[in-house]
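Chemist:
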Amino acid sequence: MKAVGIIAEYNPYHSGHNWHLKEARRLSGRNFSVAVMSGNFVQRGEPAIFDKWARAKMAVNSGVDLVLELPVVFAVRSAEYFAAGGIRLLNSLGIVSHVCFGAEHADINILSNLAAALNNTQVINNLRQHLALGYSYAAAWGLALEETLDIPREVVSSPNNILAIEYLRAITKYAPTLTPISIARRQAGYHDPLITGALASATAIRKAIHDMNNAAWTAVPPESARVIRAIMEQGQQPINLSHYEQIILAIIRQSPVNTLAVLPDISEGLENKLKTAALASGNIEELLTTLKVKRYSRTRLQRIIIQSLLGITKLTTQQFDITGPLYIRVLAFNNNGREMLRRISLTASLPIITKTTHYLNSNKRDYHPLSQLETMLAIDTAATDIYALGQANPAFKRGGTDFRRPALFLSDR
């Protein structure tokens, strides 16, 4: 049994993801699919619009066979570490032969050359020079590649191209037996704010859902629409970063500067500006506007804020960047997924978690020394508890959901 792997956020699962899944199966020749998905917080430094189980359910109901959770210590990181975490997790299963990802420039040879260029000494030196001049990482990288190798900077200006390049780097380093497949994105631009057809950007879809705009239903599969409507009818609301602004401002205001300095994406004294900005800001938007500098993208600033919310430190990420993911956390699966799990139980290099309490409970999390696996899982479960606080309805604010909720089996027969 061999499967095609996908690394995604499904925030939410939309029609573009459906097309990507079909292309992944067609191009790989595999009938089985597995997706590694961010949990309740995503790579752009935001809470997911709906919780991880709802989004995994959308994906499985739409045809993904098995959805696994990417531990949050990789999910809320820069593209390099996000990609490495996802690739290492897919490789640990022992059944994935191909990894399929989308990019604006889908030529795998060009992307591979770009990935190799990151090890070019002259490119790296030029990159550092542009960073010193105050350019953001993406802008500095584009300039360095253009000046050194005559590669148009626009090739690395897209978040999806950057991720594609990082997937290729991670495959070379951690999983050289995996075959990469790059497909050209057909949907709207990454940040396009408007829904103009069935293939809209996730940004536009999230905005439409928050605004109760019926245009959202034209851009998601019926299976996703049913899940979203059911969630909202139960009294849950779509989530965004502003739902946590008071908690975030409180954490930053009461944190010593040396505590802020150990957040993974903090560098060059930004902790001082972060502290000052939190004292002067009344909401998240003011905080981000005050913090915005040429060298730090909004996404990176948002990641810093989320890292402070979740208590993730440089020491923690440095440890887990060495180990990689330490478990296979199952969120949802169908009948094919059940067959895959049986096979994975024989081939995997990591333990499979379908019920969290088999590996960690709330008492041990809070009162006992933890192994590395337990520490990673403790951070994931705490992130879920914090995520719940974004809901307005007190019934959905309660913590401990990870300890009560097992993986979802969604029969498709």
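In this note's numbering, each number is its position in the sequence shown, counted from 1, plus 47.
Even glycine gets a Cβ: it sits at the ideal position worked out from N, Cα and C.
By alpha-carbon positions, which one of L178, L180, L74 and Q169 ends up nearest to D197?
Modeler: Q169
Chemist: Mapping the DSSP letters down to three states, classify R376 as helix, strand or coil.
Modeler: strand
Chemist: Could you work out which residue in L117, R73, M48 and F367 is closest to Y57 when comparing CA atoms only?
Modeler: L117
Chemist: Helix, strand or coil, according to DSSP, for M84 in the structure here?
Modeler: Looking at M84 - three-state DSSP - the assignment turns out to be strand.
Chemist: Would DSSP call Y237 helix, strand or coil?
Modeler: Any reading at Y237 needs caution, since the residue's pLDDT is 48, under 50, leaving its predicted position unreliable; the model's value is listed next. Coil at Y237, not helix or strand.
Chemist: M321 to V203, Cα distance in whole Å?
Modeler: Note that residue 321 is Leu in the sequence shown here, rather than Met. When rounded, the distance between both Cα atoms is 28 Å.
Chemist: Would you mind reading off the limits of the alpha helix (DSSP H) that contains H145?
Modeler: Taken as a continuous stretch (DSSP letters only), H145 belongs to no alpha helix (DSSP H), being part of the beta strand (DSSP E) at V143 to A150.
Chemist: Taking the straight line between their C-alpha atoms, what separation do you get for I359 and F121?
Modeler: If you take the alpha carbons of I359 and F121, they lie about 10 Å apart.
Chemist: Below 8 Å, how does it come out for the stretch 126-140 and the stretch 401-419: are there three or more Cβ pairs, yes or no?
Modeler: no
Chemist: In the DSSP output, which residue or residues are listed as bridge partners for F79?
Modeler: Looking at the DSSP output, F79 sits in a beta bridge with A50.
Chemist: Have a look at G384 and V119 and give me their C-alpha separation to the nearest angstrom.
Modeler: 23 Å
Chemist: To the nearest angstrom, how far is the alpha carbon of G437 from that of H290?
Modeler: 5 Å
Chemist: Looking at L161 and I212, is the spacing between their C-beta atoms short of 7 Å?
Modeler: yes
Chemist: When burial is assigned at 16 or more other CB atoms within 10 Å of the CB, is R253 buried or exposed?
Modeler: So R253 counts as buried.
Chemist: Apart from the five residues just before and just after W264, which ones in its own chain have a Cβ nearer than 7 Å to its Cβ?
Modeler: Same-chain partners within the cutoff: A272.
Chemist: How big is the Cα-Cα spacing for R72 and S144?
Modeler: 12 Å
Chemist: Spell out the partners DSSP gives L115 in its beta bridges.
Modeler: V83 and V377
Chemist: Based on DSSP bridge pairs, tell me the residues matched to E230.
Modeler: First, the amino acid is wrong: residue 230 is Ile here, not Glu. DSSP output for I230 lists G149 as bridge partner(s).
Chemist: Should K423 and L362 be called a contact, given that it needs their Cβ atoms to be closer than 7 Å?
Modeler: Residue identity check: residue 423 is Met in the sequence provided, not Lys. Cβ atoms of M423 and L362: not closer than 7 Å.
Chemist: Just to confirm, are N65 and S125 a CB contact at a threshold of 7 Å?
Modeler: no
Chemist: Between I53 and the rest of its own chain, which residues show a CB-CB distance below 8 Å, the 5 nearest in sequence each way excluded?
Modeler: H67, L68, A71, S80, V81, A82, V83, V111, V146, C147 and F148
Chemist: Is it the case that the stretch 88-108 contacts the stretch 178-190, given that we only count it when at least three CB pairs across the two stretches are under 8 Å?
Modeler: no
Chemist: If you follow the alpha helix (DSSP H) that T360 is in, where does it begin and where does it stop?
Modeler: Neither: T360 is in no alpha helix (DSSP H) and is coded neither H nor E.
Chemist: Would you kindly work out how many angstroms separate the C-alpha atoms of Y237 and I353, rounded to a whole number?
Modeler: Only weak support exists for where Y237 lies, its pLDDT of 48 falling under 50; the value from the coordinates is given anyway. C-alpha separation (whole angstroms): 21 Å.
Chemist: Please report how far the alpha carbon of I433 lies from the alpha carbon of R451, in whole angstroms.
Modeler: 16 Å
Chemist: With DSSP run on the structure shown, which of helix, strand or coil describes F443?
Modeler: The three-state secondary structure of F443, taken from DSSP, is helix.
Chemist: Identify whether V304 lies in helix, strand or coil by the three-state DSSP scheme.
Modeler: helix
Chemist: How would you write the range of the alpha helix (DSSP H) that P269 sits in, first residue to last?
Modeler: P269 to E280
Chemist: Per the DSSP calculation, F456 is bridged to which residue(s)?
Modeler: F380.
Chemist: Could you give the C-beta distance for S62 and I228, rounded to a whole number, given that I count them as a contact under 8 Å?
Modeler: Going by Cβ atoms, the distance from S62 to I228 rounds to 20 Å, so no, they are not a contact pair.
Chemist: Where do the ends of the alpha helix (DSSP H) carrying P206 lie?
Modeler: P206 to Y221
Chemist: Looking at C-beta atoms only, is the number of pairs between the stretch 91-103 and the stretch 278-286 that lie closer than 8 Å three or more?
Modeler: yes
Chemist: Exposed or buried, what is K104 when buried is set at 16 or more other beta-carbons lying within 10 Å of its beta-carbon?
Modeler: buried
Chemist: Could you pull out every residue in the same chain whose Cβ sits closer than 7 Å to the Cβ of A425, ignoring the five residues on either side in sequence?
Modeler: L407, R412 and L417
Chemist: Identify, in the order they occur along the chain, each residue of the same chain with its Cβ nearer than 6 Å to the Cβ of I256, setting aside the five sequence neighbours on each side.
Modeler: A263 and P285
Chemist: Any idea if A439 is buried or exposed, counting beta-carbon neighbours within 10 angstroms, 16 or more meaning buried?
Modeler: exposed
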